[in-house]
Amino acid sequence: MGEYFYENYMDHVPDTITDEIDKYIDDVVLKESRYLFITRKGKEHYAYCTHCKKEIKIDFKVKHNSTELCPSCGSECTVKYAGYSRSTMIDEACYLRFDKSLIDKDTIVARGYYIWRDYRTEYKSVKTKYNLVSAYIFTPGSTSVMLDRYSWGYKYENKNECWEKRRTIHLFTSGKYGYGSLYTDECSLNLASKDTVFEYMDFSRYINYSWDLIRIIGLYSRYPLIIEHLTKLGLDELIEARIYNCNTYSSVNWKGKDIYKALKINKQDFNILRKSGVKITPLILKLYQIQKKDGSKLSPEELSVISNTIQNPIEFIKILKHGSLKKMYNYLYKQQGNKKLQDYYSITSTYRDYISDCKKLDMDLNNKNVLFPKNLVKAHEETIKRVKYKEDKALNERFTTRYKTANEKYYFEYKDMLIRAVRSSSEIIKEGEKLHHCIARYSEDHASGKTTILLIRNKEHPKTPFFTVEVKGNKIIQAHGKYNCNPEGEVEEFIEKFKSEKLEKSKIVKLTA
4 MGEYFYENYM
14 DHVPDTITDE
24 IDKYIDDVVL
34 KESRYLFITR
44 KGKEHYAYCT
54 HCKKEIKIDF
64 KVKHNSTELC
74 PSCGSECTVK
84 YAGYSRSTMI
94 DEACYLRFDK
104 SLIDKDTIVA
114 RGYYIWRDYR
124 TEYKSVKTKY
134 NLVSAYIFTP
144 GSTSVMLDRY
154 SWGYKYENKN
164 ECWEKRRTIH
174 LFTSGKYGYG
184 SLYTDECSLN
194 LASKDTVFEY
204 MDFSRYINYS
214 WDLIRIIGLY
224 SRYPLIIEHL
234 TKLGLDELIE
244 ARIYNCNTYS
254 SVNWKGKDIY
264 KALKINKQDF
274 NILRKSGVKI
284 TPLILKLYQI
294 QKKDGSKLSP
304 EELSVISNTI
314 QNPIEFIKIL
324 KHGSLKKMYN
334 YLYKQQGNKK
344 LQDYYSITST
354 YRDYISDCKK
364 LDMDLNNKNV
374 LFPKNLVKAH
384 EETIKRVKYK
394 EDKALNERFT
404 TRYKTANEKY
414 YFEYKDMLIR
424 AVRSSSEIIK
434 EGEKLHHCIA
444 RYSEDHASGK
454 TTILLIRNKE
464 HPKTPFFTVE
474 VKGNKIIQAH
484 GKYNCNPEGE
494 VEEFIEKFKS
504 EKLEKSKIVK
514 LTA
């Protein structure tokens, strides 16, 4: 929920429906809401056009719901027999319009309307009804404001008193007014933007994607200089990552005073990136910044290879504080020769856990033999043994409680396999020992409910460790067997069945509750 505001936000927003708006609604938004209602008087038939408001005698046959041109105004209309039921005949749509602020020449505003025409009771005097449900205020250099109307049935003396300020801006049709198509008035945006900083930004590409349009205008109003430069330079991936709430890896300083401060690189470096032809994504930009700082001297093409190889960028970036990008990538790349590490994601994940263990054991990460062990798997197994969690009464009590709730929610059988919750801290330690992975490190998180550890077993050997699964909410975070191997064949089939039967169904129930 937002806050109820009695500030003068709505003083920015026009509240009149002009002839221009009426014409746009009639010609564009509700263009399909034009009808010829057919009546019979004796042997003669008449057609009433809802567009030109004229009744004309017709001498040709028409079918109900067919399309005909009005004999009077020439409009393309849908034929309706007046005697037929119209109990559900309401035409509706949503309309997004832009205007200049009434009180600030640099600010633009947007109005979100729910619009309808009701033909249920009669058809000759139907009028277009407008319900202003949301308003947006975009002021350069400031956070955008979205207001939702929270009451329609009461007459307020002050027009600011019936609006609720939202914490974030979003498209007003989301979840409430999605009954009809949404129309965005591009011409109104161009006129509203004239003689403001908004006229320097090309919003036309977003017009048909109104959700993106609202977000890009909001982002532009907050950082006009940077967004304008990024757009003109064709750095769309950086903008899209921000408006879609994707990870930008802190690669952009949105408050930078110029484009180079925003990108955290100098002009020469930027030209190197552009001339390489490599697409400048947030990850590529971050890796370039890192290699420039640590002296790795990697080319954009090499960075592109790294970007396409690493499957867990966030974890990879975290471990780079222990070594240069070039050394770290080369080391982890060489570890792919270990049969127990099947892909780069497993390597990165294993190395992250190994470094975490080293810190717990106060091992010297300045020692190259510690930082880059020749055999990562073997070194990690050793640290696992040294940091193995000890059983204690309090932990086991929490495990007992956790087992009951987790098992009730996740227990599942399919064909020759079953999956259940881990029972005790000793069992989770044994699981890690037998399968040679680091699941024991998640004992505390499982006991506290931060994550859930589940065990896959063959029904014929229910006590023998087979595969281990970590679940958070309704999502599987990881699933590994012996030596961190990934599930294949029957195990993969079992996991997919488990997901569809227990996780996805649980998610649906939660959403509809």
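The working numbering puts the first residue of the sequence shown at 4, with every later residue one more than the last.
C-beta atoms are modelled at their ideal positions from N, C-alpha and C, and glycine is treated no differently.
{"Item": "Counting beta carbon pairs with one atom in the segment 89-102 and one in the segment 68-81, are three or more of them shorter than 8 Å?", "Value": "no"}
{"Item": "Any idea what DSSP makes of H54, helix, strand or coil?", "Value": "coil"}
{"Item": "Hey, how far is the Cα of E167 from the Cα of Y116?", "Value": "16 Å"}
{"Item": "Grouping DSSP H, G and I as helix and E and B as strand, with all else coil, what is S503?", "Value": "helix"}
{"Item": "Does the distance from the C-beta atom of T351 to that of E318 stay below 8 Å?", "Value": "yes"}
{"Item": "Go to T312, then tell me how far its alpha helix (DSSP H) extends in each direction, as first and last residue.", "Value": "303-312"}
{"Item": "Is the CB-CB distance between H440 and N487 below 8 Å?", "Value": "yes"}
{"Item": "Would you mind sorting C361 into buried or exposed? The rule is 16 or more other CB atoms within 10 Å of its CB.", "Value": "buried"}
{"Item": "Can you tell me whether V31 is buried or exposed, with buried defined as 16 or more other CB within 10 angstroms of its CB?", "Value": "exposed"}
{"Item": "Suppose you measure from the CA of I59 to the CA of T53; what does that come to, to the nearest Å?", "Value": "12 Å"}
{"Item": "Which residues does DSSP list as the beta-bridge partners of Q481?", "Value": "E473"}
{"Item": "In this structure, does DSSP put F201 in helix, strand or coil?", "Value": "helix"}
{"Item": "Provide the residue(s) that pair with K132 in DSSP beta bridges, ordered along the chain.", "Value": "W119"}
{"Item": "The beta strand (DSSP E) spanning Y84 covers which residue range?", "Value": "79-84"}
{"Item": "At the level of alpha carbons, what is the spacing between D151 and I220?", "Value": "18 Å"}
{"Item": "With respect to the beta strand (DSSP E) encompassing T42, which residues constitute its N-terminal and C-terminal limits?", "Value": "38-44"}
{"Item": "Tell me where the alpha helix (DSSP H) around D448 begins and ends.", "Value": "446-451"}
{"Item": "Anyone know if the C-beta pair for S1 and L398 falls short of 8 Å?", "Value": "Absent from the model: residue 1. The displayed extent of the chain is 4 to 516, so no value can be given."}
{"Item": "Quick check on DSSP: helix, strand or coil for C98?", "Value": "For clarity, residue 98 is Tyr in the given sequence; the question names Cys instead. Of the three classes helix, strand and coil, the one that applies to Y98 here is strand, per DSSP."}
{"Item": "What does the alpha-carbon distance come out to for the pair N333 and G340?", "Value": "12 Å"}
{"Item": "Quick one: measure Cβ to Cβ for H15 and I140, integer angstroms, because I've assumed they're closer than 8 Å.", "Value": "5 Å"}
{"Item": "Among residues of its own chain, excluding the 5 on either side of E436, which ones have a beta-carbon nearer than 6 Å to its beta-carbon?", "Value": "none"}
{"Item": "Assuming contact is defined by CB atoms lying nearer than 8 Å, are E491 and Q481 in contact in what I supplied?", "Value": "no"}
{"Item": "Return yes when at least one heavy atom of the ligand FMN lies under 7 Å from the C-beta of L185, else no.", "Value": "The ligand content of the structure shown is nil, which means the ligand FMN is not present either."}
{"Item": "Can you name the start and end residues of the beta strand (DSSP E) that I459 belongs to?", "Value": "455-461"}
{"Item": "Decide if E499 is buried, meaning its Cβ has at least 16 other Cβ atoms within 10 Å, or exposed.", "Value": "exposed"}
{"Item": "Could you tell me the distance, in whole angstroms, from the CA atom of K381 to the CA atom of S207?", "Value": "57 Å"}
{"Item": "Suppose you measure from the CA of H173 to the CA of K296; what does that come to, to the nearest Å?", "Value": "38 Å"}
{"Item": "Just to confirm, is the Cβ distance from Y291 to I268 under 8 Å?", "Value": "yes"}
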